[in-house]
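Q:
Numbering (the numbering used here), first residue to last: 40 to 243.
Here is the structure:
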């Protein structure tokens, strides 16, 4: 019994530690790009690192992360700002809708909220797909949409997980500082393991 408890504790510690490593690399590479040009490549970099090493924390190296960061700097920035622009437009329209005090605006706000959640989900799925497969922007977006609509319950669980993480980070900012991005990367890749296996089988 004690061995099982010890093994479980070790697994939990290792996974939390890996998410902390991912978070650390994300912030380091984001700052290196002065945030504006760093967030996109940093997200892509930590995604690549997690796919390479998963829970083997000994394999995470800054040198490899720096290689990915330089490799994807331009492309990841283009992709990030494409989705960020779409998300910004939706958020701005949602803000404008709150200035209108009419019953019918509730339907517009609902549609905008759905659009915001869909954009966030598609962008995360697209980023994970880009890390897994050597495909262009068009095919990556098509795959992300196919993944989004493939299994409604699965995508609802995924969105619920993301929303839960956001709420937790708002309630405990310190926890978000150390685990937020790492947890999102892990959750995105873990939630769709079977879907990726199906795609791998199609490409093989």
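Where is the CB? At the ideal position from N, CA and C, for every residue including glycine.
Treat the numbers as computed from the prediction; the structure is a model and nothing was measured.
How many whole angstroms separate the CB atoms of residue 68 and residue 48, which I take to be in contact at a CB cut-off of 8 Å?
A: About 31 Å; that fails the 8 Å criterion.
Q: In the structure shown, what three-state DSSP assignment does residue 129 receive?
A: Reduced to three states, the DSSP call for residue 129 is helix.
Q: Give me the Cα-Cα distance between residue 147 and residue 136, rounded to the nearest whole angstrom.
A: Straight-line Cα distance between these residues: approximately 8 Å.
Q: Report yes or no: do three or more beta-carbon pairs, one from the stretch 199 to 217 and one from the stretch 126 to 143, lie closer than 8 Å?
A: Judged by Cβ distances under 8 Å, the stretch 199 to 217 makes no contact with the stretch 126 to 143, as fewer than three pairs qualify.
Q: Under 8 Å, with one C-beta from each stretch per pair, do the stretch 212 to 220 and the stretch 229 to 237 reach the 3-pair mark?
A: The answer is no - the stretch 229 to 237 does not touch the stretch 212 to 220, with fewer than three Cβ pairs under 8 Å.
Q: Could you pull the start and end residues of the alpha helix (DSSP H) that residue 76 belongs to?
A: No alpha helix (DSSP H) holds residue 76; DSSP gives it neither H nor E.
Q: If you count every other CB in all the chains shown that lies within 10 Å of the CB of residue 118, and 16 or more means buried, which is it?
A: It counts as buried.
Q: Does the stretch 107 to 117 come close enough to the stretch 79 to 93 that 3 or more CB-CB pairs lie under 8 Å?
A: A contact exists between the stretch 79 to 93 and the stretch 107 to 117.
Q: Going by DSSP, what residue range makes up the alpha helix (DSSP H) through residue 174?
A: It is not in any alpha helix (DSSP H) - residue 174 carries neither H nor E in the DSSP assignment.
Q: Out of 189, 90, 145, 42, point me to the one whose CA is closest to residue 170's CA.
A: Ranking 189, 90, 145, 42 by Cα distance to residue 170 puts 90 first.
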